[in-house]
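Student:
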Amino acid sequence: MPFAASGSAEKKRSFSSPVKGKGIVTGGHMPSAYPLCPKCGKRHPGECRSGYGVCYRCGKPGHLIRDCPNTAQGSGAGDHKPRPHIPARVYAVTPGDIDADASEVEEAGVITGNVNLLRFTACALFDSGASQSFVSAAFARICSLQTELLPQRVVVLIPDGNTVACTRLVKDCPVELDGRTLKADLLVFGQMEFDLILGMDWLFKHYAKIDCRKREVVFESPSEDIIRYTGASVKATPLVISALQARKCFEVGASAFLLMIVEKTVGSEEIRGIPVVEDFPEVFVSELTGLPPDRETEFKIELEPATTPTHKAPYRMAPAELKELKVQLEELLEKGFIRPSSSPWGAPVLFVKKKDGSMRMCIDYRELNKVTIKNKYPLPRIDDLLDQLQGASVFSKIDLRSGYHQLKVKEQD
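Shown next, in the form of structure tokens:
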């Protein structure tokens, strides 16, 4: 039996019922026989699809009800003609779609890599399984690409079997490979982790051949030089959802797993068992216990003639810094690295925080450096040192523990 809205129903526009066998709804309202939905506050049959990002007609993600490919289906919809559309397909829209068993894209035998688009670098998939070429909506916004509305929407079949409607196109987009610009017509696609998917329309247009074993794309245009593009590995980007989205997934029965990340601390390697190092244990001590032995060369400070002693007032310190200063001075006195002095020369002390949160004591010797005669020994240029490392495959680093205190100062200074 048909339902009627209150008031002058004959003056209102009629719509066909979205549920077969439920009669006719007038006035644009759902029949009052349906219970009021506590989620959206409206009356409708079946499960509420509000907030899930799916089409209210077919229940699939990626498009709105006005773009639903099933618009023509339903009872009594003789007035509504389905919008014309062009079918398309895509092989993969995320790195994880390429091969569920491949930990990296290169194991699946497909070709991905970076290309230049305008002044941006794009992560691209060369997809011979895609009938068209695509650009992600997010990347199109970043590049400020000019899009135009398609006269006919393109309904794309994606790997999970669902369809997504594309309604906008970037015309003649300049894709640069090895210094050559190869223009592409790119459909704007929302559900993509790749910045670009270059499909068969673009590959055919530019005479491309794909060698999956070499992971290479060869462009053999009759009027241009041959381009050989070698792909690079792309790892799947982990998908992150908000706590609210997770809660909505739980409400529809999604499975969830609780993982705990534990940081495993690895102890420092001992001297025993390391060749050469174990033969000189006195060189690899964990802490210096006193001053280094007397050597032929000692550190000497040469001052400019007629220099008077310089001294500067101490810097202001917080109580925590004063406490740390006392601890470090007592430790240095105990090891013999410093001694009480009444010299007219003086320099203030300050603290710099280390990466581990502890504080490093530093002495501001800038006033002393101004009256010190500089060493005229020519130091090597940094670019020359780096050039010497070319072709090397093994590198070593030598560092001194408490190196500041291992350089003995001449007694007179």
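In terms of the numbering used here, the sequence shown is residues -1 to 411.
For each residue, glycine too, the CB sits at the ideal point set by N, CA and C.
Can you tell me the Cβ-Cβ gap for V186 and V133, rounded? I've got them flagged as a contact below 8 Å.
Tutor: Their Cβ separation, rounded to whole angstroms, is 6 Å, which keeps V186 and V133 in contact under 8 Å.
Student: Quick one: is L405 near chain D, going by C-beta distance under 8 Å?
Tutor: Within the model displayed, chain D is absent; a lone protein chain is all it includes.
Student: So, at 6 Å on beta carbons, what are the nonlocal neighbours of L180 in its own chain, with the 5 sequence-adjacent residues on each side left out?
Tutor: Hits under 6 Å: V173 and H204.
Student: Can you tell me whether T306 is buried or exposed, with buried defined as 16 or more other CB within 10 angstroms of its CB?
Tutor: It is exposed - the Cβ of T306 has fewer than 16 other Cβ atoms within 10 Å.
Student: Rank L289, G177 and K368 by C-alpha distance to the C-alpha of R399 and give the top, closest one.
Tutor: Nearest option by C-alpha distance: L289.
Student: Buried or exposed: where does Y375 fall if 16 or more other Cβ atoms within 10 Å of its Cβ makes it buried?
Tutor: Per the 10 Å Cβ criterion, exposed.
Student: Which value, in whole angstroms, describes the spacing of the CA atoms of F118 and Q144?
Tutor: The alpha-carbon atoms of F118 and Q144 are separated by roughly 15 Å.
Student: Drop a sphere of 10 angstroms on the beta-carbon of A163, count the other beta-carbons inside from all chains shown, and report buried for 16 or more, exposed for fewer.
Tutor: So A163 ends up on the buried side.
Student: So, helix, strand or coil for K321, using DSSP?
Tutor: Here K321 sits in helix by DSSP.
Student: Between the alpha carbons of D385 and S394, how many angstroms are there, rounded?
Tutor: Answer to the nearest angstrom: the Cα atoms are 16 Å apart.
Student: Starting from Q386, trace the alpha helix (DSSP H) in both directions and tell me its first and last residue.
Tutor: Note, Q386: alpha helix (DSSP H), I380 to Q386.
Student: Do V152 and T161 count as a contact pair if the criterion is CB distance below 8 Å?
Tutor: No, the Cβ-Cβ distance between T161 and V152 is not below 8 Å.
Student: State the CB to CB distance for the pair P342 and H309, rounded to an integer number of angstroms; the pair is presumed to be in contact (CB under 8 Å).
Tutor: With a Cβ gap of about 7 Å, P342 and H309 count as contacting.
Student: What are the uninterrupted segments assigned as beta strand (DSSP E) that are 3 or more residues long and contained completely in the segment 119 to 204, given in chain order?
Tutor: Here the runs fully enclosed are 131 to 134, 146 to 155, 161 to 175, 178 to 187 and 194 to 196.
Student: Can you grab the Cα-Cα spacing for the pair V274 / V283, in whole Å?
Tutor: Distance between the alpha carbons of V274 and V283 is about 15 Å.
Student: Can you check which of these residues, G229, D183, Q150 and C141, is closest to L123 by C-alpha distance?
Tutor: Of G229, D183, Q150 and C141, the residue nearest in Cα terms is G229.
Student: Have a look at K333 and D382 and give me their C-alpha separation to the nearest angstrom.
Tutor: Roughly 40 Å separates the two Cα atoms.
Student: Measure the CB-CB distance between L167 and A182 and report whether it falls below 8 Å.
Tutor: No.
Student: By a C-beta neighbour count over all protein chains shown, 10 Å radius and 16 as the cutoff for buried, is G19 buried or exposed?
Tutor: Note on G19: pLDDT 38, under 50, position unreliable in the model; the coordinate value appears next. Flag for G19 reads exposed.
Student: For a quick check, are the C-beta atoms of Q227 and L175 less than 8 Å apart?
Tutor: Position check: residue 227 holds Tyr in this sequence, whereas Gln was assumed. Yes, they are a contact pair.
Student: Out of I299, E261 and L331, point me to the one whose CA is closest to T370's CA.
Tutor: Residue I299 is the option with its Cα nearest to T370.
Student: Taking all protein chains shown into account, do 16 or more other C-beta atoms lie within 10 angstroms of the C-beta of Q410, making it buried, or fewer, making it exposed?
Tutor: Exposed: under 16 other Cβ atoms inside 10 Å.
Student: Classify L115 as helix, strand or coil using the three-state DSSP reduction.
Tutor: In the structure shown, L115 sits in a strand (DSSP, three-state: E or B).
Student: Is the CB-CB distance between E319 and F349 below 8 Å?
Tutor: Contact flag set, yes.
Student: Measuring CB to CB, does A345 end up less than 8 Å from L331?
Tutor: No, these two residues do not count as a Cβ contact at 8 Å.
Student: If you compare alpha carbons, which of V407, T110 and V52 is closest to E296?
Tutor: Of the listed residues, the one whose Cα sits closest to E296 is V407.
Student: Just curious, the alpha helix (DSSP H) that F248 is in, first and last residue?
Tutor: Start and end: A241 to E249.
Student: Measuring straight from C-alpha to C-alpha, what distance separates K324 and P303?
Tutor: Going by the C-alpha atoms only, they are around 36 Å apart.
Student: Tell me, which residues are paired with R64 by DSSP?
Tutor: Paired residue(s): none; R64 is not in a bridge.
Student: Apart from the five residues on each side of it in sequence, which residues of its chain come closer than 6 Å, Cβ to Cβ, to C360?
Tutor: Cβ within range, chain order: L348 and V350.
Student: Measure the alpha-carbon distance for R64 versus V52 and round it to whole angstroms.
Tutor: Cα to Cα, the separation comes out at about 12 Å.
Student: In whole angstroms, what is the alpha-carbon distance linking K262 and P378?
Tutor: So the two alpha carbons sit approximately 42 Å from each other.
Student: Using the rule of at least 16 other Cβ atoms within 10 Å of the residue's Cβ for burial, across every protein chain shown, is M190 buried or exposed?
Tutor: It is buried - the Cβ of M190 has at least 16 other Cβ atoms within 10 Å.
Student: DSSP three-state call for R364: helix, strand or coil?
Tutor: Here R364 sits in helix by DSSP.
Student: In angstroms with no decimal places, state the Cα-to-Cα distance between L34 and W200.
Tutor: When rounded, the distance between both Cα atoms is 51 Å.
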